[in-house]
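These protein sequence lines map, in sequence, to chains S and V.
Using the numbering used here, you'd call the opening residue of the first sequence number 1 and step up by one each time.
Using the numbering used here, you'd call the opening residue of the second sequence number 1 and step up by one each time.
What follows is a short report on a single structure.
2 protein chains.
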Amino acid sequence: MPANTDQQAALRIASGRKPFVEPLRLGERLKEIRLSNQWTLEDVSQRTGLARSTLSKIENNQISPTFTAVQKLINGLGIDLPQLLTPPKVQTRTMGRRDLTRLGEGERHPTPTYEHELLSCELAQKRMIPFKTIVRARSFDEFSEWVRHDGEEFLMVLEGEIRLYTEFYEPLQLSRGDSIYFDSDMGHALVSVSEEDAVVLSVCTRGDAV
Amino acid sequence: MPANTDQQAALRIASGRKPFVEPLRLGERLKEIRLSNQWTLEDVSQRTGLARSTLSKIENNQISPTFTAVQKLINGLGIDLPQLLTPPKVQTRTMGRRDLTRLGEGERHPTPTYEHELLSCELAQKRMIPFKTIVRARSFDEFSEWVRHDGEEFLMVLEGEIRLYTEFYEPLQLSRGDSIYFDSDMGHALVSVSEEDAVVLSVCTRGDAV
DNA sequence: TGGATCGGTTCACTATTGGAAACAGAGTTT
DNA sequence: AAACTCTGTTTCCAATAGTGAACCGATCCA
């Protein structure tokens, strides 16, 4: 099928996709990220495990990093690829919304086991849901079933001590300042093991589509 | 500074950071895409401009493609990077991951103005990035420019008292237990106004896309 | 059966990346 | 101002990615 390649070319062109590899100023982007964090090449080197010289060359577009190198970058810098590839990101929409919640001013939702205090509940369209919880429960038995909801949850103990029961792990004891991140569709439940009711701060991802 | 590089190497090794880049079965993924379109290596070669042999090696994880090679792939195949990186078949439900961080056990990232402690940094693919910050800055002048990053940020004062400067609002004084939610592409900066350095807990959304 | 053809892998070789060390420039310190 | 220190750049070389050609089954067909 000799005509096939023509067809392919036609397809490629018709696809609307640029036939050329766009520059994709990866070097500039990296430098931008590095500087915006006030990191030196040496800092980045330590974080990523790539040599200082290599980083310099990447930033100056003198070499095209190996994919493993790119991985080391995104791992070491704690960014993800889209972030690295997104061109200088034109300030799309800086909406600048904000929502302040003073201590104790959240929206209270009491239940037998927990007393939730929703924070920043003025803001409607947000990607995270923060709330403070006073853990009333003292025993796992007080829960009729696992708590579970789509998405992920981050939790830090603000006061007291808790035991975190989860569906797939042994219970975990958490003291003030300890924190944990977990998939919240895994069943979970909290009880206070301290004298007073424990207080934890949680942030859940919102189960947006896709 | 001959000893310096030894030190660097030692640090790099001792850094505890996983020395291995996660597999990220890029080869499998590529093969999957290729087969699902019923393309032969030769077809892909023509589309991408990469040699047949190279493609074979990439698919079999025998080499780590150069970033330019990856670009040729995504251009030639008309896919975008997330698509290529999405782990094959995807863990439809990443049920039950978790990542515990004990008090003070996070990954420290000091800067002149802030000292960050990344929490739950073992977990790679998460939608939120939680971190504790010791606010060293005492004056807005210490910032050369606004801090800003895509997404949204939730912040609660754990200790001390801070002033939050934002691009579009008057500065806001926040005391222990106060919290705020805001669009983090709006410039922002924190300074301690208490005797001691203030400590805040932040959770940022991660660059979405998907 | 013998010989084409097609898909994929392996080989030998060249081009390029990535690392250590040397270098260079700007401050600092003594 | 010499000696340090801290940056980023450049150099040189070992390691490895990318290429064309050879190779290895399959499958097809006369």
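The C-beta atom is built at its ideal place from N, Cα and C for all residues, glycine as well.
Can you find a CB in chain V that lies within less than 8 Å of the CB of TYR165 (chain S)?
-> Position 165 of the first sequence, counted from the start, is the residue given in the question as residue 165 (chain S). By this cut-off, TYR165 (chain S) is not an interface position.
Use the C-beta contact count for GLN38 (chain V): other C-beta atoms within 10 angstroms, 16 or more gives buried, fewer gives exposed.
-> Indexing the second sequence from 1 puts residue 38 (chain V) at position 38. Its Cβ having fewer than 16 others within 10 Å, GLN38 (chain V) is exposed.
Selection from S:LEU174, S:LEU50, S:LEU201, S:GLY27 that minimises the alpha carbon distance to GLU117 (chain S) = One-based indexing of the first sequence puts residue 117 (chain S) at position 117. Considering only S:LEU174, S:LEU50, S:LEU201, S:GLY27, the residue with the shortest C-alpha distance to GLU117 (chain S) is S:LEU201.
Mind listing the chain S neighbours of ASP178 (chain V)? Cutoff is C-beta to C-beta under 9 Å, in chain order.
-> For the purposes of this step, residue 178 (chain V) is identified with residue 178 of the second sequence, where counting begins at 1. Correct list: LEU100, THR101, ARG102, LEU103, GLU105.
Could you tell me how far apart the beta carbons of PRO130 (chain V) and SER179 (chain S) are, in whole angstroms, since I believe they sit closer than 8 Å?
-> In the second sequence, the residue the question calls residue 130 (chain V) occupies position 130. In the first sequence, the residue the question calls residue 179 (chain S) occupies position 179. Confirmed, about 7 Å.
Going by other Cβ atoms of all chains shown within 10 Å of its Cβ, with 16 needed for buried, is PHE140 (chain V) buried or exposed?
-> Position 140 of the second sequence, counting from 1, holds the residue named residue 140 (chain V). Around the beta carbon of PHE140 (chain V), fewer than 16 other beta carbons lie within 10 angstroms, which makes this residue exposed.
Any non-hydrogen atom of the ligand HEM closer than 7 Å to ALA198 (chain V) Cβ = In the structure shown, the ligand HEM is absent, as is every other ligand, since no ligand is present at all.
Residues that VAL44 (chain S) contacts on chain V, provided the C-beta gap is smaller than 8 Å | Counting from one through the first sequence, the residue named residue 44 (chain S) turns up at place 44. Chain order gives no chain V residues near VAL44 (chain S), where near means a beta carbon separation below 8 Å; the closest approach is about 12 Å.
Between the segment 114–137 of chain S and chain V, which residues of the former have CB atoms less than 7 Å from a CB of the latter, in chain order?
-> Within the segment 114–137 of chain S, the residues whose Cβ lies closer than 7 Å to some Cβ of chain V are LEU119, SER120, LEU123, LYS126, ARG127, MET128, PRO130, listed in chain order.
Output yes or no for whether 8 Å exceeds the beta carbon distance between LEU164 (chain S) and LEU174 (chain S).
-> Numbered from its first residue, the first sequence carries residue 164 (chain S) at position 164. Numbered from its first residue, the first sequence carries residue 174 (chain S) at position 174. For LEU164 (chain S) and LEU174 (chain S), yes; Cβs fall inside 8 Å.
With distances taken Cα to Cα, identify the nearest neighbour of LYS126 (chain S) among V:TYR181, V:TYR169, V:GLU42.
-> As a first step, residue 126 (chain S) must be located in the first sequence, where it is residue number 126. Here the closest residue by C-alpha is V:TYR181.
Measuring only between beta-carbons, confirm whether SER175 (chain V) sits less than 8 Å from chain S.
-> Reading the second sequence from its first residue, position 175 is the one you call residue 175 (chain V). Closer than 8 Å to some Cβ of chain S, the Cβ of SER175 (chain V) qualifies, so yes.
Would you mind stating whether THR101 (chain S) and SER120 (chain S) have Cβ atoms separated by less than 8 Å?
-> Here residue 101 (chain S) is taken as the residue at index 101 of the first sequence, counted from 1. Here residue 120 (chain S) is taken as the residue at index 120 of the first sequence, counted from 1. Yes, these two residues count as a Cβ contact at 8 Å.
Under 6 Å Cβ to Cβ from VAL147 (chain V), same chain only, skipping five residues before and after it: list those, please.
-> Start at 1 with the first residue of the second sequence, and residue 147 (chain V) comes out as number 147. The residues HIS188, ALA189, in chain order, have a CB closer than 6 Å to that of VAL147 (chain V) in the same chain once the five nearest residues on each side in sequence are set aside.
Beta carbon of LEU35 (chain V) nearer than 8 Å to that of LEU55 (chain V) = To locate residue 35 (chain V), count along the second sequence from 1; it is residue 35. To locate residue 55 (chain V), count along the second sequence from 1; it is residue 55. With a cutoff of 8 Å on beta-carbon distance, LEU35 (chain V) and LEU55 (chain V) are scored as not near each other.
Would you check if the distance between the CB atom of GLU196 (chain V) and the CB atom of GLY160 (chain V) is smaller than 8 Å?
-> Mapped onto the second sequence, residue 196 (chain V) falls at position 196. Mapped onto the second sequence, residue 160 (chain V) falls at position 160. In this structure, GLY160 (chain V) lies closer than 8 Å to GLU196 (chain V) by Cβ.
Helix or strand or just coil, what does DSSP make of GLU153 (chain S)?
-> Start at 1 with the first residue of the first sequence, and residue 153 (chain S) comes out as number 153. Assigned with DSSP and collapsed to three states, GLU153 (chain S) falls in strand.
Please work out which residues of its chain come closer than 8 Å, Cβ to Cβ, to ARG176 (chain V), disregarding the five sequence neighbours upstream and downstream, and give them in chain order.
-> Here the question's residue 176 (chain V) lines up with position 176 in the second sequence. Contacts found: VAL157, LEU158, GLU159, GLY160, GLU161.
Candidates S:SER194, S:GLY76, S:ARG97: which alpha carbon is nearest ALA124 (chain S)'s?
-> Locating residue 124 (chain S) in the first sequence gives position 124, where the first residue counts as 1. Checking every option, the nearest Cα to that of ALA124 (chain S) belongs to S:ARG97.
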